[in-house]
Amino acid sequence: MSQVNITLPDGSIRTFPSAVKGIEIAQSISEGLARNALAIEVNGEIWDLSRSIQQDAAIRIFTWNDKGGKYTFWHSSAHLLAEALEALYPGVKFGIGPPIENGFYYDVDLGDRAFGEEDLLAVEKKMAELAKANNAFQRSEVSKADAIGYFTQKQDPYKVELLNDLADGSITFYKQGNFTDLCRGPHIPHTGLIKAIKLTNVAGAYWRGNEKNKMLTRIYGITFPKQKELEEYIHLLEEAKKRDHRKLGKELELFAFSEKVGMGLPLWLPKGTILRERLEQFMRKAQVKAGYDPVVTPHIGGKQLYVTSGHYEKYGKDSFQPIHTPDEGEQFLLKPMNCPHHCEIYKVKPRSYKDLPIRLAEFGTVYRYEQSGELHGLTRVRGFTQDDAHIFCRPDQVKEEFVKVIDLVLFVFKSLGFENYTAQVSLRDPDNKSKYIGADELWERAEREIQEAADERGLKTVAVKGEAAFYGPKLDFMVKDALGRSWQLGTIQVDYNLPDRFELEYIGSDNQRHRPVMIHRAPFGSMERFVAVLIEHCAGNFPLWLAPEQIAVLPISEKFNDYAKQVLDTLKDRDIRGFLDDRDEKIGRKIRDAEVSKVPYMLIVGEKEAAEGKVAVRKHGEGDKGALLLSEFASQYASDFAMPS
RNA sequence: GCCGGGGUAGCUCAGGGGUAGAGCAGCUGAUUCGUAAUCAGCAGGUCGUGAGUUCAAAUCUCAUCCCCGGCUCCA
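Following my numbering, the numbering of the first sequence begins with 190 at its first residue and continues without gaps.
Take a look at the structure:
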């Protein structure tokens, strides 16, 4: 056998006399690496460490510190979970068990057996026991016929179904202990590396993600090479739960829900309303600057409006049903979108090419019927307000306008400190074009323009197929919540279809009629979802300009209530929001309550301050900042209180 | 909508066939205080809702509503 040249990530080359295993390469580098190695990347493909490399290759050894290492570890953990389940529940049928961003899951069919949270502990225990056995993950190549034979005999119909879609010659099995699974791999060397195991939750999941299929039981878990890392992870989760906007929204009295009003219909409480209105003012100001014209339209629209737009055909059945008038038999729909109304505004008079672009903006409240199981705090609701606008422009203006909107979205994100977002180009599902309206050529053009605009602003994008709106592709800005769930906030969409359907026109310089192009855009997305993500982002400690209450004036005792009142009034005159805590409580108590309710500044006033016209400034989370003249405080902190622009 | 879990005072939670509990919040009184909880007293619940089993149901059964975790969906 000829020698093998292995190129390491640093570019150096090691030569081995014959085929070499990943683990041997690791050993040749260092004992420590060999001990921590989980998998190896061979020419871009991840392999088991025990697999022989026959030819020259560029490699990279994965440990727990690499994403690839974690994925391999969790993938193997999923197999361990399956092994435990088979040991505890003979006859269990297996679906798929992949690694995910934080751990892994396995979808199983437990027959009629009910499986609840309590059962997780028993499975967890079994997994730990099996892990200790240090069973190696053994790879074997199998023919398709043998593979089908194995799972048919084992009565694992889901595996057989998966096998039917695989090509003969590329099928591998992995075995650890008594458990054999159909699997492409790779896996970690042996189960003993899995030291800490936590099964986190059970959920239903449709087989192959199709709601027409049987619902399997999905068991989620996470594992670590060290117990301490599991403890840290659990601690992290607990911290994340404290930021949950549903919890903070209740504690800080920002919003509430009522069964009588209806599920998914948020009630904005006074403090939440201040927050929301401040965001609206911020956006209004930015939009005036960017050349938008505010408009207002009703909450309902005639059915024909949505028949024209195509929304009725697409979503009519899955929407709130039409409202009927008692006498004339008219039908109205709660508006699920603002665009049709805005199209009608465009049409109120003939438009010239010189008028374009026309940018119509509205904080438009829309109502969408969401399945009950989908509702989630403020992030997924049935009634919400979009910071919507529609830009009607000439085809030659699309890219320039799109770029301007990207700038606006980035300005908003920057002003609010959102740094960890993903810009997602949402494209059509090429395998299911019937879900969409409009000509291929226009879709391709729109997709190209979005990508070009994003590139022009140096935006790093990921393209995701099947995520487009039914009338056009989108550029979506995705942000994660405290628990790692991804939500779409800002969105920008190019639309050649609605202008067609509404027969929008403008007179060009050639004196001919032309179709304008529409850009739908919402930098926040919706006020509800944006506020939800904002709450989690800052853990309820809002930027000063947004805080519902910016200052709390805390008199040391009743004797200084009058002075405290003067302080508050002076600051209110300067548009600073605050309140006076004149309860018969000790200062420690007043401070504690203000700290807990996350008021950014506490102004403590006692004998000294009253005599000298000062305030003792205490900053939330930081403590005493010393005394200042009231006028000094107002001017010194003025810029912090102001809205960014 | 589907699978699993849950709903007890305004909030956070205990109790699990035999008179409904705590802490915090609230109210009243005392206290007038210098940087994260002053003390005392009082009040507060048809145990989500509706049926059923039982001498007796917060507790057991069923249905239903809402909430939580996922799945599917998301104009």
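Beta carbons: idealized from backbone N, C-alpha and C, even for Gly.
- Thr-514 is not bridged by DSSP to any residue.
- Taking the Cα of Gly-679 as reference, the smallest distance to any Cα among Leu-274, Ala-578 and Tyr-395 is reached at Ala-578.
- DSSP, reduced to helix, strand and coil, places Arg-224 within a helical segment of the structure shown.
- Nearest to Arg-473 by alpha-carbon distance, out of Pro-744, Leu-819, Met-716 and Val-209, is Met-716.
- For Ile-740, the uninterrupted beta strand (DSSP E) run begins and ends at 740 to 744, by DSSP.
- Taking C-beta atoms under 8 Å as the contact rule, Leu-441 and Phe-719 fail to qualify, at a distance of about 16 Å.
- In this structure, the beta-carbon distance from Ile-696 to Pro-539 falls below 8 Å.
- Residue pairing by DSSP places Ala-635 opposite no residue, since no beta bridge is assigned to it.
- Going by DSSP, Val-653 is part of no alpha helix (DSSP H) but of the beta strand (DSSP E) stretching over 650 to 654.
- At least 8 Å separates the beta-carbon of Ser-265 from that of Ile-386.
- Our two residues, Gly-451 and Phe-659, have alpha carbons roughly 28 Å apart in a direct line.
- Inter-residue distance for Val-570 and Pro-525 is about 12 Å (C-alpha atoms, whole angstroms).
- His-268 counts as buried, since no fewer than 16 other beta carbons sit within 10 angstroms of its beta carbon.
- Cβ-Cβ separation between Phe-607 and Val-668: approximately 6 Å, consistent with a contact (criterion under 8 Å).
- For Ala-642, the closest of Glu-656, Ile-595 and Leu-388 by C-alpha to C-alpha distance is Ile-595.
- Per DSSP, reduced to three states, the secondary structure at Val-598 is helical.
- Shortest Cα-Cα distance from Glu-551 to any of Val-281, Thr-369, Phe-691 and Pro-483 involves Pro-483.
- Judged by their CB atoms, Ala-721 and His-434 are nearer to each other than the 8 Å cut-off.
- Look at the stretch 261 to 295 and you find no whole run of beta strand (DSSP E) that is 3 residues long or longer.
- Leaving aside the five residues that flank Ser-786 on each side, the residues in its chain whose CB is nearer than 7 Å to its CB run, in chain order, Leu-441.
- Residue nearest to Pro-705 within the set Leu-757, Leu-631 and Tyr-752 is Leu-631 (criterion: CA-CA distance).
- Counting every other CB atom within 10 Å of its CB across the protein chains shown gives Arg-302 a total below 16, marking it as exposed.
- Collapsing the DSSP output to three states places Pro-483 in a strand.
- Counting only unbroken stretches of 3 or more residues, the beta strand (DSSP E) elements lying wholly within the stretch 483 to 509 are 489 to 491, in sequence order.
- Under the three-state reduction of DSSP, Met-791 is assigned to strand.
- Sequence-distant partners of Val-331 (beyond 5 residues in either direction) whose C-beta falls short of 8 Å from its own C-beta, in its chain, are Tyr-339, Ile-360, Thr-361 and Phe-362.
- Ile-214 and Arg-328 have their alpha carbons spaced roughly 19 Å apart.
- Selection Phe-830, Pro-662, Val-651 and Glu-418 evaluated against Glu-638 yields Pro-662 as nearest (Cα-Cα).
- A straight-line Cα-Cα distance of about 7 Å links Pro-459 and Leu-443.
- As computed with DSSP, His-709 is found in a beta bridge with His-579 and Gln-682.
- Taken in chain order, the complete alpha helix (DSSP H) segments of 4 residues or longer contained in the stretch 326 to 382 are 333 to 343 and 346 to 353.
- For Phe-719, the three-state secondary structure derived from DSSP is helix.
- The C-alpha of Val-349 is placed about 29 Å away from the C-alpha of Ala-317.
- Taken through DSSP and simplified to helix, strand or coil, Thr-568 comes out as coil.
- Spanning the alpha carbons of Asn-750 and Glu-801 requires a straight line of approximately 15 Å.
- Secondary structure at Ile-463: helix, using DSSP grouped into helix, strand and coil.
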